[in-house]
Amino acid sequence: MLDQPQVPVAQRTNPERSFREEVRALRLSDGEVFRGEGILAVTKAILQSGVAYVGGYQGAPVSHLVDVLVESQDLLDELGVHLETCTNEASAAALLGASINYPMRGCVTWKSIVGTNVAADALSNLASPGVVGGALIVVGEDYGEGASVIQERSHAYALKCSVWLMDPRPSLPTIVRCTEKAFELSEASNTPVMMELRIRACHVTGEFVARDNQPPAISRNHRLDAPAPHNYDRISHPPSTYAHEKLKVDVRLPAAQKFIVEQGLNELFPGERSDLGVIVQGGITNVLMRGLDRLEVEGKIPTLVLNVTHPLVPDQIADFCKGKRAVLIVEEGAPDYIEQAVHALLRKRDIDTKIHGKDVLPMAGEYTAEVITDGLLKFFAQSANDIDLSRPRERFEAARAGRSEAQRILGGPLPLRPPGFCVGCPERPVFSAIKLLEREVGKVHISSDIGCHSFGTLAPFNLGNSILGFGMSLAAAGAVAPVMQKRTISVMGDGGFWHNGLLSGVASSMFNRGDRVLVIMQNGYTSATGAQFIPNTSGNRRDGETTSDIATTLKAMGVKWLRTIRTYNVGTMLKTLREAMSTDQAGLKVIVADGECQLARQRRIRPQIAAQLKRGERVVRTRYGVDDDVCTGDHSCIRLSGCPSLVVKPSPDPLRSDPVAHVNNGCLGCGLCGEVADAAVLCPSFFKADIVQNPGWWDRLKWRLRSAVIGAMAGA
Amino acid sequence: MPRPITILVGALGGDGGGVLCDWIVAAAHAQGLGVQATQIPGVAQRTGATTYYLEVMPTPGPAPTALALNPAIGEVDVALATELLEAGRMIFNGFVSPDRTTLVASTHRVLAIGERAAMGDGSFDVGRLLRAVKERSKEQILFDMDQAAEESGGVLNAVLLGALAGSGKLPIPGPAFEAAIREGGKSVDANLAGFAFGRGHARGELAQAVREHRKRRAASNGVEDLIERARQSYPVSSLDVVEEGIRRLAAYQDRSYAALYLDRLDAIHGLGSADLLRDVGRHLAVRMSFEDVIRVAQAKTSRERLVRVRTEVRAKPTEPVEITEHFKPGIEEICAILPPGVARRILAWAERSGRLGKFHISMHVRTTTILGFARLRVVAGLRWWRPHSFRYVEEQAEIERWLASIRAAHPLNVDLARETAELARLIKGYGDTYKRGLGNYREIVAQVVAPALSGRLSPKVAADAVANARVAALADPEGQSLAKTLAAISASGVVVRQAAE
C-alpha cells in the first residue's frame, strides 16, 4: 500500500456494498410472501405503516434498517419518505420532534444501551410534550452473547421517560404486527414507543405475508403550506412540563393500557395447569417454549407473553395470576423491573399468588437455553412437585456432565479468538508505532474509544487504559493528563470524531488548554458498523461531495499542532508520535492518521482489478513473504503487528522445533510487516514480492535476462 | 409434531458462515420444510469467532409456534465447524454430545492470536482436540476442508455444505443444495465444485491427498565420510539429527567445520546417554550455524529459494516476480564480521557514544535485479573469512562454555544435562531478539545451572528449575515471567548456603 496511490479521503466511496435483494423485498405488495431477516421485516413494516420520515445511527444489530433504505432511494422518493442518516443518536431522537406538532409517522433506530444514552436528552424532551404522529424508536438490544457494549437494560429509559417499550416475540409475523401496532399505540396515547430487538431476533429468518407500502399523507411529496400554529403546550419548558408530567400518568398511560388490551398486543398461551403460570418478555419466549418442551410440559402451563413490557396492564396481570399457586416471571437482565412491579400490583390487590423470578433464575446475564432450563427445574420443584421431571432432569444433568467430561479431555480453556484488525487495516500500523514508542519512552496512558481501533486494547497490542464511550477518548483524558509526567494519547476514529469527539473532546480540550495528544484514525467510514458514510467521506449518498474535512475543521477550531500522516509508514508515524510527545509547544496536538478502511477499499478495487486482468492489462500484485530458513521463530513480528495473514507454520528446518512466521495468501501487500521489521529492527526474513500479471514484452525480456544471469550466480 | 433437526455452526469471520446458512435455508424452503436460522455474526471485521444456529423440520408441513434461537447443551443434531479449534469450542461448551451429534468439521487449524504471538510454539494441542472430537460426538466427518477448497477451486463454506449434504442428516437431497447455490448467484461454478468435493468426501467417495509437510534437508556435498564416521560410532536414534548437522555445517562453512561438530559431539557421546547426544546434536548444529549477514546472504541467494518464493507467492510460470528484501544491519551486525580486535574497539566506542543499538542502515535490496543479487552473492562469498570474524570467535567460546556445563552436569544428573542442552533454544533471532535470548540464557545459567554445578543447589531440583525458567523466558518478551520464576527459585530456599565461616 505504501507504493500504491492513496485515494484522498474526499474520494472514498464504497459502492460495492449492495443490498439489491433486500431492496427488492421492500417493494413486495399485498399478499406476496416476504422472506428474510427480522430487521428487514421491521423495515418493510414501517413502510407498510406509512412513515413519513426515517432516521438513525448505525450500530449492530440494527444497522441494516438504515443501510437498506439508503439504497432504496427510488422507493423512498416514490413514497415521499424522508431519510436522514444522522451523525449521532441524539440527532436521530431529535428527528422525532417532527411528530410533536405534525400528524406524521416517523421511525428512528440505534443500538442500545449506548445509543439511548446519547439520545437521552432529546428523548426526554420528546416524551414530555408527547406526539401527535406515531413515533417509533427501534433499538437493537445489544445484550448477551455477541454483544459489544456495556450490559444494561433499555427498559430503564422507558420507565423514567414514560416511553412505551415493546419486546416482540421473535417470529416475523409478530414482529411485523408489533411494528405496525406501535405507531397506532403511539398515536392512541400521544407517546413515543420504543421497540427492542435482541441480536438473534434481528438476524432471525422467517416469512410473513406482505401488505402494500403506504405513502404518507404529509411528506416530501405532499408538503404543508404552513407550520403548525404556535402552541406553548407543545414545548418542553415550564410551566408546560408540569402539565406534561401529569398528562403522562393521568391520560397517556391509561390510554396505552386500554389500547394494549383491546388490540391484544400481549399473547396468552393457554395450558391445562390452571394453578401455575409463566409471564415472559416477548423477546425471550422462544427460549422459554423450548425449555418447557424439554421438560415435557409444553402446552400445559398457561403463559402470558408480554410483547409490551412497559406499561404493564395491572388488570391483565392480576387476572392472569389470580387463583394460581405460583407464577414464574422470566425477565432477562437487571434490575428486575417487571418482577418488582408485579409484586407490588398483586400486593395492592391482596392476591397471594407466589411469584418466582430472580430467586430461581439469575439476576444478571443472558437467559440461554441452559439457564432457562435450570430455572424451570427449580420453579417446578418448588411449586409443582406432582410433575415428574426425573427423566428431563437426568437428561439435563447428563448433558452437563458430558460437558465437564469434554472440558476435562480438552484440558483447560481454549485459546480465545477476539476480533482484531483486518488484513491490511490502516489502523494497525498506528498501534505498532505506539508500541515502538513505548519501547523508547516507557508506558504511556492511552485513552481508547469505540470503533475498530478499540481492538488495540486486545492482543497482541494490549494498548489502552479506558473506554468511556463513543468519541469520548479525548475528554476521558482530561483529568489524567494533568497528573501524568508524560502526555496522554487519546485514540479516536473519524466516526467518533463526528459523533461526539469534536465537541466533547476537541472543543473542551482547547477551551481548557489541555496539553494532550489526539490520534484521529481517518479511514473514511464508520467501519466497525459496516462502513457507513460520515461527513468526511465523499459518499453522502446524494451528491458524492465531501461535507466536512477533519483537518480544516480542527484548524478552524484553533488547533495549532496538526499533522496528517499516512498510517502505513510506521517509521514516520513513530517519528510524529515522538515529536507530539516531546515538543515544547503546549496545547492539543492532533495527528490525523490517514488510511482508507481496507475492507471498503477491497470491495471497491477487487472488481476493478478483475476487469483489468480480464482485459489483459498489466497489473502488479504485491504481497509479502517470510524466508522460512531465515526466520528463527521468535514471533516478535506477530506481537508487533497481529495481522491475520501473518501466521505461523512448522519450521522446515529438521533441527528447529519452534514454528516459523509465514505470510499466507490473505496478504494484501500493505507492507506493515516489512515496515515493522524495519522500524523495530527485527530480522531480515521479510521480503516483498511484486508479481507482474499480464506482463508486457519489456517485462518478459527483462525477466528472462535477469533470470539467466541470476541463475548462473545462485548458490547451492 | 415432529422435533426440528438442530444445527449449530462455528466459523471464523470471513469463512462465509452467513452464506452457508442462506444456502441451507433456501434448500429447506424449496423442499417445503419449516426452517429458521439466526446468528451471532460478530463485528464487521474479518476475524473473531462467529456462530450460527438453525432448526429444520424433518418433514414438510407447518412448523411449531416457536423454533428456538439458541442452541441447548446436549440437543444439537449436527455441528458444523470451519476449523478444528472452533469444533473444539462447540465441544467445550457442551453442544456436541456422543449420543446425538454428528460433527462435520474441517481439520485444519487457523491459529488464534494468542497461539501465534507466543515466543515459541504456542499452538493448542491438536491431539487433545482430536481426542475430544472422537470421544464426544456420535459420528464424525472430518477432513481438511481448507485444502479441499483449494484443490477443488471452491470456497470452504461450499465444501462444508457438501459435507453436510453427504452426511445425509438432513432430509434435503443434493440437487436442492446445488439449486440453492445457483440461486445465490455468486461464484456459482467455484461453489458447485467445492460442494461436489465436500459431498463426495463425506460419502467416502473421494480421498484427499495428504498435504505433505516436508522438512528441508541440507545438501550433502563431499561429507559422506563424516556421515560414515557418525554412523560407525553413534547410536541410530541420534543419526538423523547428526547427519543433518554435518550436512548443514558443511554447507554453512566447510568440511573441517563439520568435522569440528563431530569432535565436539564425541565428547558428549562419551558420557553414554543417547538422548543427551541427540539433544546436543540438534542444538549444537543450530548454534554452530549462527545467523550472521553471511548466512542470511547465503540463504537469500540459494537456487532453491528462488523457486520457493515463486511458489509461495503463487506466481504463474509466465509472470515475472520482483523481490525486495528488507535489511537493516546495525553496528553490531557489521562488527560481527570484522576482526575481533577492530570489532571490540568499535563496539566500545559505539557504547560510549550511545550509538549502539541506535544506528542502523535501512536497506531495501532488490534481489531480482542482477546488481542487487550480485551484492548479496558477494556477501555470501565472505564465507571463507567467517572463522576470522568477531562473532565467530565469540560464538565458539560461548558454545564451549555451554558444552562444558553439559559435560559437568551429566555426572550429577542426566536431566540437568539435558535441560542445560535444551536451554540453547532460547538463543535465536537477530538484533534485540538475539540479545534478549542470550541474556535470558546467561541469566538462567548463572542463577540455576552454575549453583547446581558448584554444589549449592540439588541437581534434581535444578533440572526442574531450568525447565521452568526456560518456559518462563518464552512467556513474555519483557522478561517479567522469567524474573518472577528466578526470584521464586532463589526464594524457595533450596539453594544450599555455604557456611558463613
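These protein sequence lines map, in sequence, to chains A and B.
Numbering follows full-length UniProt numbering, in which position 335 of the first sequence is assigned residue number 335; successive positions increment by one, without gaps.
Numbering follows full-length UniProt numbering, in which position 151 of the second sequence is assigned residue number 151; successive positions increment by one, without gaps.
No residue lacks a Cβ here, since even glycine has one placed at the ideal position from N, Cα and C.
Note that the structure is a prediction, hence the values are computed from the model and not measured.
Hey, is residue i's beta-carbon within less than 8 Å of any beta-carbon in chain A?
i                      : result
residue 502 of chain B : Since the first residue of chain B shown is 1 and the last is 501, residue 502 of chain B is not available in this structure.
residue 306 of chain B : yes
residue 204 of chain B : no
residue 138 of chain B : no
residue 430 of chain B : yes
residue 361 of chain B : no
Over what stretch of residues does the alpha helix (DSSP H) that includes residue i continue unbroken?
i                      : result
residue 698 of chain A : 697 to 713
residue 192 of chain B : 188 to 202
residue 320 of chain A : 314 to 321
residue 792 of chain A : Absent from the structure is residue 792 of chain A, since the part of chain A shown begins at 1 and ends at 716.
residue 306 of chain B : 303 to 312
residue 287 of chain A : 285 to 294
residue 252 of chain B : 236 to 252
Count the other CB atoms within 10 Å of the CB of residue i; is the residue buried (16 or more) or exposed (fewer)?
i                      : result
residue 83 of chain B  : buried
residue 512 of chain A : exposed
residue 370 of chain A : buried
residue 416 of chain A : exposed
residue 191 of chain A : buried
residue 224 of chain A : exposed
residue 706 of chain A : buried
residue 508 of chain A : exposed
residue 701 of chain A : exposed
residue 284 of chain B : buried
residue 117 of chain A : buried
residue 498 of chain B : A caution first: residue 498 of chain B carries a pLDDT of 42, below 50, which makes its placement in the model too unreliable to give a value.
residue 3 of chain A   : Confidence at residue 3 of chain A is low in this model, with a pLDDT of 49, below 50, so its placement is unreliable and no value can be given for it.
residue 480 of chain B : exposed
Are the C-beta atoms of residue i and some chain B residue less than 8 Å apart?
i                      : result
residue 19 of chain A  : no
residue 34 of chain A  : no
residue 670 of chain A : no
residue 575 of chain A : no
residue 14 of chain A  : Unreliable placement is indicated for residue 14 of chain A, whose pLDDT of 47 sits below 50; the coordinate value is still reported in the next sentence. Residue 14 of chain A does not count as touching chain B.
residue 687 of chain A : yes
residue 179 of chain A : no
residue 2 of chain A   : Reliability of the predicted coordinates at residue 2 of chain A is poor, the pLDDT of 47 falling under 50, and no value is obtained from them.
In angstroms with no decimal places, state the Cα-to-Cα distance between residue i and residue j.
i                      : j                      : result
residue 413 of chain A : residue 313 of chain B : 35 Å
residue 253 of chain B : residue 384 of chain B : 7 Å
residue 14 of chain A  : residue 601 of chain A : For residue 14 of chain A, the predicted model reports a pLDDT of 47, less than 50, meaning its position is unreliable; a value from the coordinates is still stated below. Using only the alpha carbons, I get a separation of about 7 Å.
residue 285 of chain A : residue 69 of chain B  : 10 Å
residue 390 of chain A : residue 298 of chain A : 16 Å
residue 536 of chain A : residue 429 of chain A : 21 Å
residue 575 of chain B : residue 219 of chain B : With chain B covering only 1 through 501, there is no way to say anything about residue 575 of chain B.
residue 454 of chain A : residue 477 of chain A : 16 Å
residue 282 of chain A : residue 342 of chain A : 16 Å
residue 217 of chain A : residue 183 of chain A : 15 Å
residue 112 of chain A : residue 401 of chain A : 37 Å
residue 426 of chain B : residue 292 of chain B : 17 Å
I'd like the span of the beta strand (DSSP E) that includes residue i, first residue to last.
i                      : result
residue 36 of chain A  : 33 to 37
residue 364 of chain A : Note, residue 364 of chain A: premise wrong, no beta strand (DSSP E); not H, not E.
residue 625 of chain A : 619 to 626
residue 457 of chain B : Premise fails: residue 457 of chain B is in no beta strand (DSSP E) and is neither H nor E.
residue 104 of chain A : Element bounds for residue 104 of chain A: n/a, residue is neither H nor E.
Any idea which residues DSSP pairs residue i with across the strands?
i                      : result
residue 267 of chain A : A:305
residue 718 of chain A : The requested residue 718 of chain A does not occur in the structure, where chain A is confined to residues 1 to 716.
residue 195 of chain A : A:138 and A:166
With a threshold of 7 Å, establish whether the CB of residue i neighbours any heavy atom of the ligand ADP.
i                     : result
residue 30 of chain A : As presented, the structure is devoid of all ligands, the ligand ADP included, so that no description of it is given.
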